[in-house]
Amino acid sequence: MNKNNYLKFIVLINFFLFNLVFVKAEIVKNALKNYVETKDSERDDMIKIVIEADENRQLNQPIRFGIKELATDINGDGKDELLFTANGHGGKAYGNYWTIYIPVAGGYKRIKGDDENNYITFHSKAFYVGYVDQLKEHGLVTYFRAGNREGVLQCYQLKKDKIISKEIAAINANLERDRALYEKYFGNATNVNRADLKIKTYSQNDLKRMGFSPSWER
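Residue numbers (this note's numbering): 105 to 322.
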């Protein structure tokens, strides 16, 4: 082997080893543990505010802190994705910011939201997962309010390991047909009572019992 070929061989080996390590680093066994222990400055700052409010709350006020987990099949392949959020991490108008983990060989992989955002956004009481008639595909449907009883139905779709966001329809709540479309996806019969859309909530004590080291405490 001459010198040039040797150098090319070394470069290829290093490239292979780098990618092997990188791919392994993306895969986690416990998605909840990874979500809780991975530093996220924006989320962690909001959690600290919630914890401080809980510490100063009146006796009759409920605890606000909570890590929410939703296990559901976004793309209809029979395998559940895991989505996590923290109470207080998000906006009142649009809902919480959710981090997505997709199932892969050996565990889960954390992926970005639409348009390379870190999250997708939806309210825990106004979303739908399943077949979307307008797109003729599976997805997670949410609603973004725009004011004056108007808003937009938006769908997040999982394509391989990427999230794609598509607008389904503009909604005007003053119109009967638009109200019917909203109820189609978010009414009690289609969403709230579905067992596969139940959300788990973990308290601070739950996380401690699991032996996690939350990033907002470091």
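We put the CB at the ideal spot given by N, CA and C, even for glycine. Remember, it's a predicted structure, so these values are computed and weren't measured experimentally.
Who are the Cβ neighbours of residue i in its own chain at under 6 Å, not counting the five residues just before and after it?
i	result
threonine 246	Phe226, Phe231 and Gln258
tryptophan 202	Leu187, Thr189, Tyr223 and Ile224
glycine 192	Met150 and Val154
Grouping DSSP H, G and I as helix and E and B as strand, with all else coil, what is residue i?
i	result
leucine 257	strand
arginine 249	strand
asparagine 134	coil
asparagine 309	helix
leucine 262	strand
lysine 270	strand
phenylalanine 316	coil
lysine 288	helix
leucine 279	coil
leucine 244	strand
lysine 302	coil
Among the options, whose alpha-carbon lies nearest the alpha-carbon of residue i?
i	options	result
alanine 273	Lys266, Asp265 and Gly255	Gly255
phenylalanine 248	Lys196, Ile267, Leu163 and Gly211	Lys196
aspartate 218	Gly211, Asp237, Ile153 and Gly243	Gly243
serine 269	Gln308, Tyr139, Glu130 and Tyr223	Tyr223
tyrosine 235	Gly211, Gly182, Ile131 and Lys152	Gly182
serine 319	Asn134, Ala135, Ser145 and Asn278	Ser145
Taking buried to mean at least 16 other C-beta atoms within 10 Å of its own C-beta, is residue i buried or exposed?
i	result
glutamine 261	buried
glutamate 287	exposed
glycine 251	exposed
arginine 313	exposed
Can you name, in chain order, every residue of its own chain whose Cβ lies under 8 Å from the Cβ of residue i, other than the five neighbours on each side?
i	result
threonine 176	Asp184, Glu185, Leu187, Val233, Leu244, Asp300 and Leu301
In its own chain, which residues sit with a C-beta less than 7 Å from the C-beta of residue i, not counting the 5 before and 5 after it?
i	result
tyrosine 139	Phe188 and Thr203
aspartate 158	Ile167, Arg168 and Phe169
Fill in: Completely contained beta strand (DSSP E) runs for the segment 160-231, where each covers 3 or more residues
171-176, 185-190, 199-208, 211-215 and 224-226
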